[in-house]
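J.: Note that the protein sequences, when read in sequence, are chains A and B. Residue numbering for the first sequence follows our numbering, starting at 879 and increasing by one per position. Residue numbering for the second sequence follows our numbering, starting at 879 and increasing by one per position. Glycine included, each C-beta is placed from N, C-alpha and C at the ideal position.
2 protein chains.
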Amino acid sequence: MRKQKKGCDVPDATILRLPLYLEKLKLLQAIGVEDVSSRQLAESLDIKASQLRHDFHYFGGFSRPGRPYQVAKLVPALEKIIGIAEPVHSIIVGAGHLGQALANYQNLDVQGFPIKGIFDVNPKLIGLDFRGAVVQDMDEMEAVIDKEAVKIAILTVPAVHAQAVTDRLVAAGIVGIFNFAPMDLKVPANVAVRNERMAVGIMSLSFKVKCILQNSEEKEEAEDL
Amino acid sequence: MRKQKKGCDVPDATILRLPLYLEKLKLLQAIGVEDVSSRQLAESLDIKASQLRHDFHYFGGFSRPGRPYQVAKLVPALEKIIGIAEPVHSIIVGAGHLGQALANYQNLDVQGFPIKGIFDVNPKLIGLDFRGAVVQDMDEMEAVIDKEAVKIAILTVPAVHAQAVTDRLVAAGIVGIFNFAPMDLKVPANVAVRNERMAVGIMSLSFKVKCILQNSEEKEEAEDL
DNA sequence: TCAAAGCTGTTAATTTTTTGACAGGTCGTG
DNA sequence: CACGACCTGTCAAAAAATTAACAGCTTTGA
C-alpha cells in the first residue's frame, strides 16, 4: 500500500499556488481566452514559467508538448485537484464581527464553499440572517454537520473557547478547520487545520515597512552630504 | 554603501515566524515566566530549536552562550525588529462587512496598529462609529494620512476599485498595504504589499481535506478485504 | 517541404531553507 | 573546586524549493 493517495504528496508552496492559478484562469475564461501558455500564465502571476510547469508536473501535466494549456480543460482539472469539483459544505462557528463579515462574503459560496450554518452561543445573535443563513444555537451544530455532511468549519470564536469548540467539531466529523483564532489548535492527524493569523500578516508587513523607512532615511542622509 | 539596512536582508520564512515568537513570548510574560530556552520556545511552537536560534542569529542573537533568553528583554527586542516599538498608525479603507469586522477587532490596536481612520465612499456608512473610529468620506483620506503620519493602510474595498485606491494611497505616502482584495496590486518598489487571500487559505485547506478523505476511503476499502 | 518560433514535460543545476553538530560559556550541587 | 546538565552562537550538512536547460512535439508561413 502506498503512503499517500496519488497527487497528495505535494509541497505546501505548490499547494498555495494552485488557488492563484485557478483564480487567474477563471479570469481568463471570463474574458473568453481559450488557450494560455505557461509563460503567459506565469508572467501574469509574477512567477517563473518553469515553476508553473514544475507545479503542474506533480499532477501529471495538463497538456502535451508543443500545445499550450486549454483554459476550459485546466479550470475543472484544478478544481478537481483542489477538491472543489463538488461544493464543499461548510459552517461558520462564531457569529461575532468576523463571523458575520465572512457570512456576508458571498465569494465563499462562489468559490465552492457553501455555508450550511452559522453558530454562536450568544442568544442576542441567534436568529440573525446573513444572506439566507440564520445564526443558530451552538447546540444545533452537531446535528447540522451530520445532516448536511459538512466537511469544513470556519472558526471565529474567541481564543479561549477555540480548543473546546475544536474538540466538538472533530468529534462531529469535521475534516478541515479554517482557524481565525490566534491560537494553535490540537487536532488528530486526520484533521487539517489552516491558521489565518491577521497578526502575523500585519506584523510581517510592518517589518518590511520599517526596512523601507530605514532605507529611505539612509538615502536622504546620503543625499544631504 | 550597503544594499540593505542591517537586519533587513532576512528570508521571508523567518519574517513570518517573528510574530509567532513574539506572540508566544507575550503569553509567557503574562503568566510570569522570566527565562525561556530556545528548546522550550521552539517546542511550544512546534519547530526545531536550531531553527529558532538560526532565525535569531540574523539579528545578532539575544543572549550569550550558556544563558537562556530573558523574556523581558526578548519581547521589546522583537518588537523593535518587527517595527512596532512605536505604534504604527494605520487606516482601514473600505467600511464594508470586512472593514467593519477589522475595525471592531481590538487586537489590531493592542498589537501596535492603532486605527486612525476608516474610509468609504458609501454615504450610508459615513458617520458609523466603530470603537471610537468614525467612518469618513474617502475625500478626507489624504488629509488624515498626512496629519496622523499614517504608514499602513488596510485595504478592504471591492477588487475593481483596489488599484485606483492603491494609487491614491501610494501618492499620499502610505508605505505598507495590507490587501484583502483578491487582486494583485501594482505599487512602486518602496511600498510593501501583503496579500491576505481568504480564497487561497480555504482552498489550500480544501486540498488537504480532499487528501484526508481519499486516504480514509482507501483505508476502509483495505479493511473490507 | 522545410525552417523558425513556440510550446510542454522532464530532468539537472542552482539556490534557499532547514536541520544537525559542536565549541565554548553558565549554573547548581556535592 | 569539579562535574554534569544545560545553554547559546555559529557553521557545516542535509533537505527542499526554485530556476534553468533541453529533448521532442506542434503550428505557421514562405
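Should the segment 1071-1080 of chain A be called in touch with the segment 891-899 of chain B, which here means at least 3 C-beta pairs below 8 Å?
T.: With the cut-off at 8 Å, the segment 1071-1080 of chain A and the segment 891-899 of chain B touch.
J.: What residue range is occupied by the uninterrupted beta strand (DSSP E) comprising ILE1023 (chain A)?
T.: On the first sequence, position 145 is the one that residue 1023 (chain A) refers to. Element bounds for ILE1023 (chain A): not the beta strand (DSSP E) but the alpha helix (DSSP H), 1019-1025.
J.: What do you get for LYS1086 (chain B), buried or exposed, if any count of 16 or more other CB atoms within 10 angstroms of its CB means buried?
T.: Translated into the one-based positions of the second sequence, residue 1086 (chain B) becomes position 208. By the neighbour-count rule (16 or more Cβ atoms within 10 Å), LYS1086 (chain B) is buried.
J.: Can you tell me which residues form a DSSP beta bridge with TYR947 (chain A)?
T.: In the first sequence, the residue the question calls residue 947 (chain A) occupies position 69. TYR947 (chain A) pairs with A:VAL914.
J.: Considering only residues of the same chain and omitting the five flanking positions on each side of VAL1166 (chain A), which have a CB-CB separation below 6 Å?
T.: A query on residue 1166 (chain A) cannot be resolved here, the shown segment of chain A reaching from 879 to 1103 and no further.
J.: Using only CA atoms, which one of B:TYR947, B:ASP1062 and B:GLU912 lies nearest to PHE927 (chain B)?
T.: To locate residue 927 (chain B), count along the second sequence from 1; it is residue 49. Rather than Phe, the amino acid found at residue 927 (chain B) in this sequence is Ala. Measuring from the Cα of ALA927 (chain B), the nearest candidate turns out to be B:TYR947.
J.: Determine whether the Cβ of ARG1072 (chain A) lies closer than 9 Å to any Cβ atom of chain B.
T.: If you number the first sequence from 1, residue 1072 (chain A) lands on position 194. ARG1072 (chain A) counts as touching chain B.
J.: List the residues of chain A that PRO897 (chain B) touches, going by C-beta distances under 7 Å, in chain order.
T.: Within the second sequence, numbered from 1, the residue matching residue 897 (chain B) stands at position 19. Here the neighbours are ALA1077, VAL1078, MET1081 and SER1082.
J.: Report buried or exposed for ARG1072 (chain A), applying the criterion of at least 16 other Cβ atoms within 10 angstroms of its Cβ.
T.: In the first sequence, counting from the first residue as 1, residue 1072 (chain A) sits at position 194. With 16 or more other Cβ atoms within 10 Å, it is buried.
J.: Is the beta carbon of VAL1035 (chain B) sitting closer than 9 Å to the one on ALA1059 (chain B)?
T.: As a working note, residue 1035 (chain B) is residue 157 in the second sequence. As a working note, residue 1059 (chain B) is residue 181 in the second sequence. In contact: VAL1035 (chain B) and ALA1059 (chain B) (Cβ atoms closer than 9 Å).
J.: Among B:GLY938, B:ASP887 and B:ALA1011, which has the Cα closest to the Cα of PRO992 (chain B)?
T.: By one-based count along the second sequence, residue 992 (chain B) stands at place 114. Ranking the options by Cα distance to PRO992 (chain B), first place goes to B:ALA1011.
J.: Would you tell me roughly how many angstroms separate the C-alpha atoms of TYR936 (chain A) and LYS904 (chain A), rounded to the nearest one?
T.: By 1-based counting over the first sequence, the position of residue 936 (chain A) is 58. By 1-based counting over the first sequence, the position of residue 904 (chain A) is 26. Each residue's alpha carbon lies about 21 Å from the other.
J.: Buried or exposed: where does GLY1054 (chain B) fall if 16 or more other Cβ atoms within 10 Å of its Cβ makes it buried?
T.: Counted from its first residue, the second sequence places residue 1054 (chain B) at position 176. Counting Cβ neighbours within 10 Å, GLY1054 (chain B) comes out buried, since at least 16 surround it.
J.: Strictly below 7 Å CB to CB, what residues from chain B border GLU901 (chain A)?
T.: Start at 1 with the first residue of the first sequence, and residue 901 (chain A) comes out as number 23. In chain order: PRO1060 and ALA1077.
J.: Any beta carbon from chain A within less than 9 Å of ILE960 (chain B)'s own beta carbon?
T.: Position 82 of the second sequence holds residue 960 (chain B). Answer yes: the Cβ-Cβ gap between ILE960 (chain B) and chain A drops below 9 Å somewhere.
J.: Answer yes or no: does any C-beta atom of chain A fall closer than 9 Å to that of ALA1021 (chain B)?
T.: Within the second sequence, residue 1021 (chain B) is the residue found at index 143, counting from 1. ALA1021 (chain B) does not count as touching chain A.
J.: Would you please state the rounded distance, in angstroms, between the beta carbons of HIS975 (chain A) and GLU1026 (chain A)? I believe it to be under 8 Å.
T.: As a position in the first sequence, residue 975 (chain A) is number 97, starting the count at 1. As a position in the first sequence, residue 1026 (chain A) is number 148, starting the count at 1. Rounded, the Cβ-Cβ distance is 25 Å, inconsistent with contact.
J.: So LYS1088 (chain A) contacts chain B; which residues on that side make the cut at Cβ distance below 7 Å?
T.: Here residue 1088 (chain A) refers to the residue found at position 210 when the first sequence is read from its first residue. What LYS1088 (chain A) touches in chain B: GLY961.
J.: Tell me whether the segment 1082-1100 of chain B and the segment 908-927 of chain A touch, counting them as touching only if at least three CB pairs, one residue from each stretch, are closer than 8 Å.
T.: Touching, no.
J.: Taking Cβ-Cβ distances shorter than 9 Å, what residues in chain A pair up with LYS904 (chain B)?
T.: Along the second sequence, read from residue 1 onward, the residue named residue 904 (chain B) stands at position 26. What LYS904 (chain B) touches in chain A: nothing, since even the nearest Cβ is about 11 Å away.
J.: Within 10 Å of its beta-carbon, does LEU930 (chain B) have 16 or more other beta-carbons around it, so buried, or fewer, so exposed?
T.: The residue you call residue 930 (chain B) lines up with position 52 of the second sequence. Buried.
J.: Beta strand (DSSP E) containing VAL1043 (chain A): first to last residue?
T.: For this step, residue 1043 (chain A) is matched to residue 165 along the first sequence. Taken as a continuous stretch (DSSP letters only), VAL1043 (chain A) belongs to no beta strand (DSSP E), being part of the alpha helix (DSSP H) at 1037-1050.
J.: Among A:ALA908, A:ASP1045, A:ALA1050 and A:ALA1070, whose alpha-carbon lies nearest the alpha-carbon of VAL953 (chain A)?
T.: The residue labelled residue 953 (chain A) in the question sits at position 75 within the first sequence. It is A:ALA908 whose Cα lies nearest to the Cα of VAL953 (chain A).
J.: Just the Cα atoms here: how many angstroms apart are ASP1102 (chain A) and LYS884 (chain B)?
T.: Taking the first sequence and counting its residues from 1, one reaches residue 1102 (chain A) at position 224. Taking the second sequence and counting its residues from 1, one reaches residue 884 (chain B) at position 6. Using only the alpha carbons, I get a separation of about 21 Å.
J.: Below 8 Å on the Cβ atoms is my guess for ILE1023 (chain B) versus ILE969 (chain B); work out the distance and round it to an integer in Å.
T.: Residue 1023 (chain B) sits at position 145 when you count from the first residue of the second sequence. Residue 969 (chain B) sits at position 91 when you count from the first residue of the second sequence. Confirmed, Cβ separation roughly 7 Å.
J.: Would you please verify whether the beta carbon of GLY972 (chain A) is less than 9 Å from any beta carbon of chain B?
T.: Looking up residue 972 (chain A) in the first sequence gives position 94. Chain B contact via Cβ: absent.
J.: Does the Cβ of ASP933 (chain B) have 16 or more other Cβ atoms within 10 Å, making it buried, or fewer, making it exposed?
T.: Stepping through the second sequence from its first residue, residue 933 (chain B) is reached at position 55. ASP933 (chain B) comes out buried.
J.: Express the C-alpha separation of VAL1065 (chain B) and ALA920 (chain A) in angstroms, rounding to a whole number.
T.: Stepping through the first sequence from its first residue, residue 920 (chain A) is reached at position 42. Stepping through the second sequence from its first residue, residue 1065 (chain B) is reached at position 187. Near 19 Å, if we compare the C-alpha coordinates of VAL1065 (chain B) and ALA920 (chain A).
J.: Are the beta-carbon atoms of ILE960 (chain A) and LEU1033 (chain A) separated by less than 9 Å?
T.: Residue 960 (chain A) sits at position 82 when you count from the first residue of the first sequence. Residue 1033 (chain A) sits at position 155 when you count from the first residue of the first sequence. Contact: no.
J.: In terms of alpha-carbon separation, which member of A:PHE1056, A:ASN1057, A:ALA1037 and A:GLU1020 lies closest to ALA1049 (chain A)?
T.: Here residue 1049 (chain A) corresponds to residue number 171 of the first sequence, with the count starting at 1. The residue with the shortest Cα to Cα distance from ALA1049 (chain A) is A:GLU1020.
J.: Count the other CB atoms within 10 Å of the CB of ASN1068 (chain A); is the residue buried (16 or more) or exposed (fewer)?
T.: Counting from one through the first sequence, the residue named residue 1068 (chain A) turns up at place 190. Looking at its Cβ environment, which holds fewer than 16 other Cβ atoms inside 10 Å, ASN1068 (chain A) is exposed.
J.: Give me the subset of the segment 1023-1048 of chain A whose CB atoms are less than 7 Å from a CB atom of chain B, sorted by chain position.
T.: So the list reads LYS1029 and ILE1030, given in the order they occur along the chain.
J.: When the Cα of LYS951 (chain A) is compared with those of A:GLY939, A:PRO1001 and A:GLY944, which residue comes out closest?
T.: For the purposes of this step, residue 951 (chain A) is taken as the residue at position 73 of the first sequence. Closest option to LYS951 (chain A), Cα to Cα, is A:GLY939.
J.: Please confirm whether GLY990 (chain B) has its beta-carbon closer than 9 Å to some beta-carbon of chain A.
T.: Within the second sequence, the letter at position 112 stands for residue 990 (chain B). It does; some Cβ of chain A falls within 9 Å.
J.: Please report the distance separating the alpha-carbon of GLU1096 (chain A) from that of ALA963 (chain B).
T.: The residue labelled residue 1096 (chain A) in the question sits at position 218 within the first sequence. The residue labelled residue 963 (chain B) in the question sits at position 85 within the second sequence. The straight-line gap from Cα to Cα measures roughly 20 Å.
J.: Compute the Euclidean distance between the alpha carbons of ALA1037 (chain A) and MET1061 (chain A), then round it to the nearest angstrom.
T.: In the first sequence, the residue the question calls residue 1037 (chain A) occupies position 159. In the first sequence, the residue the question calls residue 1061 (chain A) occupies position 183. Answer to the nearest angstrom: the Cα atoms are 6 Å apart.
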